[in-house]
Amino acid sequence: FNTVRLAEFAWGLLEPEPDRCDFAWLDRAVDVLNAHGLRVVLSTPTAAPPPWLLAAHPDIAQVDEQGRRVGPGTRREACANHPVYQERSRRIVEQMAAHYGHHPGVIGWQTDNEFGCHDSARCYCPHCQAAFRAWLQEKFTHVDTLNRAWGGAFWGEVYTSWEEIPLPTRSRAQRNPSHLLDFQRFSSDVWRRYHAQQIAILRRRCPNHFVTHNLMGFFPDLNAYHLCEGLDFVSWDNYHYFGATPATVAASHDHMRGVLRRNFWVMEQQAGQINWSVYNPAPPPNFVRLKTYQAIAHGGDGVIYFRWRQARAGSEQYHSGLLDHAGRTTAGYEEARQIGAELQRLAPMLAGTAPRPKVAILLDYDSRWVLEEQPHNQLLRMNQPPDFVLPHPVLLMDREDEPDERFMTGRAWLAWQFLAPYIALWEDNIPADIVAPEADLTGYRVVLAPFLNLLRPAVVSNLRRFVQAGGALILGPRSGLKDEHNRLFTTPQPGPLTELTGSTVRFFDSLSPERSNELRWQESVTRMGRVSPVGFWAEVL
Amino acid sequence: FNTVRLAEFAWGLLEPEPDRCDFAWLDRAVDVLNAHGLRVVLSTPTAAPPPWLLAAHPDIAQVDEQGRRVGPGTRREACANHPVYQERSRRIVEQMAAHYGHHPGVIGWQTDNEFGCHDSARCYCPHCQAAFRAWLQEKFTHVDTLNRAWGGAFWGEVYTSWEEIPLPTRSRAQRNPSHLLDFQRFSSDVWRRYHAQQIAILRRRCPNHFVTHNLMGFFPDLNAYHLCEGLDFVSWDNYHYFGATPATVAASHDHMRGVLRRNFWVMEQQAGQINWSVYNPAPPPNFVRLKTYQAIAHGGDGVIYFRWRQARAGSEQYHSGLLDHAGRTTAGYEEARQIGAELQRLAPMLAGTAPRPKVAILLDYDSRWVLEEQPHNQLLRMNQPPDFVLPHPVLLMDREDEPDERFMTGRAWLAWQFLAPYIALWEDNIPADIVAPEADLTGYRVVLAPFLNLLRPAVVSNLRRFVQAGGALILGPRSGLKDEHNRLFTTPQPGPLTELTGSTVRFFDSLSPERSNELRWQESVTRMGRVSPVGFWAEVL
Amino acid sequence: FNTVRLAEFAWGLLEPEPDRCDFAWLDRAVDVLNAHGLRVVLSTPTAAPPPWLLAAHPDIAQVDEQGRRVGPGTRREACANHPVYQERSRRIVEQMAAHYGHHPGVIGWQTDNEFGCHDSARCYCPHCQAAFRAWLQEKFTHVDTLNRAWGGAFWGEVYTSWEEIPLPTRSRAQRNPSHLLDFQRFSSDVWRRYHAQQIAILRRRCPNHFVTHNLMGFFPDLNAYHLCEGLDFVSWDNYHYFGATPATVAASHDHMRGVLRRNFWVMEQQAGQINWSVYNPAPPPNFVRLKTYQAIAHGGDGVIYFRWRQARAGSEQYHSGLLDHAGRTTAGYEEARQIGAELQRLAPMLAGTAPRPKVAILLDYDSRWVLEEQPHNQLLRMNQPPDFVLPHPVLLMDREDEPDERFMTGRAWLAWQFLAPYIALWEDNIPADIVAPEADLTGYRVVLAPFLNLLRPAVVSNLRRFVQAGGALILGPRSGLKDEHNRLFTTPQPGPLTELTGSTVRFFDSLSPERSNELRWQESVTRMGRVSPVGFWAEVL
Ligand SMILES: [Zn+2]
Ligand SMILES: [Zn+2]
Ligand SMILES: [Zn+2]
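Order-wise, the sequence lines are chains H, X and E.
Position 55 of the first sequence, counted from 1, bears residue number 55 in the working numbering, the numbering being contiguous throughout.
In the working numbering, each residue's number is its place in the second sequence (first place is 1) plus 541.
In the working numbering, each residue's number is its place in the third sequence (first place is 1) plus 1082.
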């Protein structure tokens, strides 16, 4: 152990009353740790605004899609568009950064904590309503331009002023998909801007510290590429929850590495049971070691275990630590100690290394959002399990080795559609980067686009460049159907990529589960042979 | 093709600003269509109030049963009791009717669009609260009369003034069924009155045009017999969604024909995939032809395909058209063209024909509402699937030939109880009318009343007349239990029908699924033999 | 029949207008009953405030966890912290008690009706917010004491004034468990105090009448031991709903007897079908007799059948009575008459008897609440079924003889964990008391504590006394993990009970369903042999 993260929700302790900061306790903690040779990563504490702030401004709490005020008093309830929350956030970050900016024992910062967690990415309060209209005005300039881009004419959604545009709250009929997509982009942008303010303060006050943020792997609600602009590197929190498999975790590492195309940290690595999944078994022997080496193999430059000692109180009581509630060491502690010793020998060999795959997989947030909203087949959900397909999720556990077929078909089109090719590569030890569709593709021999449903102009030209330079591009189903405004192209699918494919889709079909089939891969393709389920969707060329 | 429907949600385009109407674009469309020999059916656009109206009067949006304001910006969100919405509706209908009332290329009108769709039949806003109290006062005159009719004494629901009567919003305990029934009748009546205003305007302004409305088959929330008073004929929108079968569609046609006891139109006939069901397969070959001929065989005098070209934008993007998003013709287009040619030959034989069945099945809305609210067995739901009985709805698809047993037992008591006898007749090619219990039953030899739970006095005398004239009346279970106020009769079931049946029910039973059984029909009854599931309910004579 | 209960929701009839009481109709009813030799138990009618009261004070209606006002107009909607409801409740109870306090035909009172029913135990309105803060202030005196007890530091939940403490409304992240526990204790205490006011009035006005309340068996939301302080005896309402078995009913009787450690009444004994379960079959022959004798065998001193005649109107229309809706006698009536005759012979033998078991089972409400909130395994729910484990509840019915395995594992950790040992005893005819953990344990040879997760200091000393006096104490899993503030002990499990067990838990595990096992009891332990499912949770010593 050589690094400790501190203070991620400590606003209430650091600023116990408005404008009165108390860093004494944290100074002491940092000093003690430094004295024992441990370096400190500090977090800005803005994920948990203090009780006095919400009591004084109850409307800092977000409003959900149904118009209900979110209950205050836990974390992540604050609206990033509320001016007082913004101002108070800036102030506490300034204060912390000023205090620790030149502290020799602090090496870097984690901004906030898990942006978007607990369904907090989108808020429907009056501040957000005003901000959304301003964002749209900045994007479209004229309301008629918006009307054309959104194409709401059929249901008479023709706006004559910005003030008429509603938030896409819960409605009776399905919302206009263009309206929804822009709201998701807006919401993602709100957090990007909120984040950028913190980064700017830290850069100014702490020129020698790194700045990172702890993401949540394949979390869908925020565009990770945008959110992480300006960070030194990406971190993420690696929990093996219900449904995770070694391959999904591998893919998460590769996505995290692909966000900035740089090595990453695991800011929270579970070292025992967690407390928030369907059930939370104690990991098997060597789990912590295995997880740590997997992270390193995928480009992890740092791994911090969460947490030191099991919390005695609060909602994470049942979350394990390196020490348990009674202060006893746990199995995870012993494994972490062993790793520490092993890494001392390995460090010289690992230093400065990074994966350099020849294959890239494109992960596009617009397309995720668009397909999640309009699967055209309720069995093809991007993120959420349709209950009726998974009556027995309990049967899906303990299948660490491969995604279960039912899991694939039900819970996650993302899993099936996106992870299936990843897993095929992973099983043959072919490393892959998972990157944005606008990323520089130079150097890759193969680029996979498993679900590039929506094409922004820059993506089209990027792929054209790649193919024209001799690269092999493999498109998955539903590619090239939507333009940047989430309208259907008026040309056959794959729209502007047709010049690259040379063929078009005659029509698509949304299939019943009884019309599923199996795809058998030849031995020569995958060494182990493999049967993949296919179904739910078909495209006829 | 000889007819086109236009403008069903075009309020925002027709009245882009308050009181400034713009008919130029629609004039042009009508003219172009007329120039090519196509006649036009216009819709009043009131199902989609324009953004400026909702922005100026946010409380036009309905309030749901939980007290939540419905999000504006799609369609069907308006409260029919809001005075401004009423006034603005009248005005735009007046304007359109005045403009097109004597247009030679317009042949008729569709009022609004699918009243009640998207769960919009009932609203719980203050305007509705006041209107409900006024409706009750008109019905009962004295509040004591209401107290007696509703029988709320046991829980102390004794009102001393109209102002004390709440809307039946979401409550902790189950609401008084008499209160609920009158609210459902009131809500249905609200839309009948709203509709009647439009019909009156169109009659006055457009004496040579027909007036119709597009219903949704067996849609439960509005009393179709009342809603369609004053129309020339009924139309309906025929979509083959998840769970539909040829027999359920046949029954829908017969119900639609039975509403006014007159031939009908199919105002929207799908010509390919839809976008809103569980999944949305491309129909098999000849589907569009088959559907069209089925409509004609059941008394359909007009069939309009929805829609001409797949919408590029908006929430119905994935809904197919005769042309696809890229402007290419679809399989549905080819079939529709073939039908057009065939019908030219068939038209002389079909003209003026109508089905004249000897069997009637009674469909009573009061009884639907009452049984849906108080099934006394959660497996007997009229309209909504109880999840726990249908964990695998996906297994139920692609069973075009007959209602699946699990579907029957779970999703729809209506299906089992109401459709089972219909299907038995349908399989033997015995046509049936589906009509109101007060309908003139002269000329029928057999009348089936599958679930006539509630008996209004006029229904009792109607059935007495029919039986005394020698007709055969077959009552299903749960018949004759409730009086017009939704109270239990104080005489044994079937209450006032006992003089016709000559026997009474000793007691009824609500059975567990394990106590289900099978009914085997003799060959002589149905040519094909048949096994029907029976269970969930029993009555001992 | 010798006793009748009356007036449990009759506020609207007894006080038809504010401050004008009308007891004439009730006088007449009591007189007629007395004239036929029947004694009367009266209920205070406060469970159903009259319409005029809610119309004048709409904010008497509770607010739910999501901030939604509960719809008025049924029953149990009133907030016990609303000053007007409190005042009006006191007044009507005073009036009734003054009127009937010395009536010779009235023998006793039932307070209110089924406190907590319809999810009414907890309210989130502004009155409750203020009352909760006052309750906390009384408990902790200083807000810093609360901060330490709740341990909210990790998420910065550090309060500087009572006004900052929110109600634990629906929040994004899981609430602090200490906050939640105190809110549940507070809510239970609110109803205890409300109840105490009624008891005090009745004691003062009706010195010769007994006072009781009708509980609902294992109902979880209110602490029955506290709620029933000051009653003469406990009553309860015995309905055989979906999932009940003879053993669960036996356990309910024993819990009801254990609340005050005194014989009890069954205030409502179903005599036929009920109307509110999943389905509601007519009971088999001799059901009513069997239920009545079971009650007597467990210490029931009175059994009243609900209800005399099936209600013609209102939401309980489908609930059976001794007479049906048409006034005919039912099977239940005949059985009740037979019992009446039999009891005349048996009464001399039964008079003054009471069960005196040598085994006690501890049922602790704090532990129920704590485990329900933090099962750490979603398959271990105390009260509510996790849908995904019970896709086929319909398969579980008609298993009167033993709790079904799937039922056990899914619906109710309470059932499995708490009832499993009870059932083992029950099958061997070993009677047991079900009592509070603070109850005097003198005289018991064995005490079972199936899930004593939270230990208050008084419980620890009580158990210490019992064991030191030679008693055998059997602890179930999860025992001794939490202190009185719902924090983890800083000593190994079972915390302060370790001195009694002599061993500690090394770690616990939350298991997947695939890691379940079977426990086979030897013949010598249970005469019949028995296989119990084990799983979901493990503790390694
Ligand atoms: Zn907001
Ligand atoms: Zn309304
Ligand atoms: Zn309250």
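Every residue gets a Cβ at the ideal spot worked out from N, C-alpha and C, and that includes glycine.
In this text, all values refer to a predicted model and were calculated from it rather than measured experimentally.
Item                                                                                                                                                                                        : Value
Just reading off the alpha helix (DSSP H) that isoleucine 201(H) is part of, what are its end residues?                                                                                     : 177-205
Would you please verify whether the beta carbon of leucine 13(H) is less than 8 Å from any beta carbon of chain E?                                                                          : yes
Ordered along the chain, which non-local residues of its own chain (more than five positions away) have a Cβ less than 7 Å from that of leucine 222(H)?                                     : Phe115, Gly116, Ala121, Ser188 and Trp191
Counting only Cβ-Cβ distances shorter than 8 Å, please list the residues of the stretch 64-76 of chain H near chain E, keeping chain order.                                                 : Arg68, Arg69, Val70, Gly71, Pro72, Gly73, Thr74, Arg75 and Arg76
Residue ranges of each alpha helix (DSSP H) run of no fewer than 4 residues wholly in the stretch 295-343 of chain H, ordered along the chain?                                              : none
For a contact defined as C-beta to C-beta under 8 Å, what are the partners of leucine 511(H) on chain X?                                                                                    : Tyr820 and Pro822
Tell me whether glutamine 1144(E), by its Cβ, gets closer than 7 Å to a heavy atom of ligand 3.                                                                                             : yes
Below 7 Å between beta carbons is the criterion; list the residues of the stretch 261-279 of chain H that meet it against any residue of chain E, in chain order.                           : Gln273, Asn275, Val278 and Tyr279
Checking contacts by CB at 8 Å: is tryptophan 109(H) closer than that to chain E?                                                                                                           : no
Is there a Cβ of chain E sitting closer than 8 Å to that of phenylalanine 219(H), yes or no?                                                                                                : no
Between glycine 299(H) and histidine 253(H), is the Cβ-Cβ spacing less than 8 Å?                                                                                                            : yes
Put isoleucine 1174(E) into one of helix, strand or coil per three-state DSSP.                                                                                                              : helix
Under 8 Å by Cβ, that's how I've got glycine 1234(E) and valine 1240(E) pegged, so tell me the actual separation to the nearest angstrom.                                                   : 6 Å
Among residues of its own chain, excluding the 5 on either side of glutamine 198(H), which ones have a beta-carbon nearer than 6 Å to its beta-carbon?                                      : Thr44, Val93 and Thr111
Do you know how far the Cα of threonine 1586(E) is from the Cα of valine 1622(E)?                                                                                                           : 9 Å
Any idea which residues DSSP pairs serine 1592(E) with across the strands?                                                                                                                  : Trp1619(E)
What is the chain-ordered set of residues for which the beta carbon lies under 5 Å from any non-hydrogen atom of ligand 1?                                                                  : Cys79(H), Asn81(H), Cys123(H), Cys125(H), His127(H) and Cys128(H)
Would a check of beta-carbon distances place alanine 699(X) closer than 8 Å to chain E?                                                                                                     : Inspection of the sequence shows that residue 699(X) is occupied by valine rather than by alanine. Yes, because at least one Cβ of chain E sits closer than 8 Å to the Cβ of valine 699(X).
Which residues in chain H sit within 8 Å of glycine 862(X), going by Cβ to Cβ distance?                                                                                                     : Simply none; closest approach about 11 Å.
Report the residue ranges of all alpha helix (DSSP H) runs contained in full by the stretch 647-698 of chain X; include only those spanning at least 4 residues, in chain order.            : 667-681 and 684-691
Are the stretch 1429-1442 of chain E and the stretch 1509-1518 of chain E touching, with three or more C-beta to C-beta distances below 8 Å?                                                : yes
Have a look at arginine 1047(X) and glutamate 1398(E) and give me their C-alpha separation to the nearest angstrom.                                                                         : 19 Å
What is the DSSP secondary structure of arginine 257(H), counted as helix, strand or coil?                                                                                                  : helix
Could you check whether the Cβ of serine 171(H) sits closer than 8 Å to any Cβ belonging to chain X?                                                                                        : yes
Straight-line CA distance for cysteine 769(X) to proline 896(X)?                                                                                                                            : 20 Å
Kindly provide the ranges of any beta strand (DSSP E) runs that are 3 or more residues long and lie completely inside the stretch 417-448 of chain H, ordered along the chain.              : 432-435
Which chain X residues are close to phenylalanine 507(H), counting only those with a beta carbon under 9 Å from its beta carbon?                                                            : Gly813, Gln814, Ala823, Ser861, Asp865, Arg869, Thr871 and Ala872
By Cβ distance below 7 Å, which residues in the same chain neighbour arginine 39(H) in space, the five residues on each side in sequence not counted?                                       : Asn2, Thr3, Gly105 and Ile107
I need the straight-line Cα distance from serine 1350(E) to arginine 803(X), nearest angstrom please.                                                                                       : Inspection of the sequence shows that residue 1350(E) is occupied by glutamate rather than by serine. Each residue's alpha carbon lies about 55 Å from the other.
Could you tell me which residues DSSP puts in a beta bridge with serine 1253(E)?                                                                                                            : Gly71(H)
Quick one: does aspartate 59(H) have its CB under 8 Å from some CB of chain B?                                                                                                              : Absent from the structure: chain B. Protein chains present are H, X and E.
Using three-state DSSP, classify glutamine 1352(E) as helix, strand or coil.                                                                                                                : strand
Write down every uninterrupted run of the alpha helix (DSSP H) in the stretch 1297-1339 of chain E whose length is 4 residues or greater and which is fully enclosed by it, in chain order. : 1306-1309
If you draw a straight line from the C-alpha of alanine 611(X) to the C-alpha of alanine 589(X), how long is it?                                                                            : Checking the displayed sequence, the identity of residue 611(X) turns out to be valine instead of alanine. The alpha-carbon atoms of valine 611(X) and alanine 589(X) are separated by roughly 14 Å.
Within the 8 Å Cβ cut-off, does phenylalanine 132(H) reach chain E?                                                                                                                         : no
Can you find the residues in the same chain that come closer than 7 Å, C-beta to C-beta, to leucine 936(X), ignoring five residues on each side of it along the sequence?                   : Because leucine 936(X) carries a pLDDT of 26, less than 50, the predicted location of this residue cannot be relied on, and no value is offered for it.
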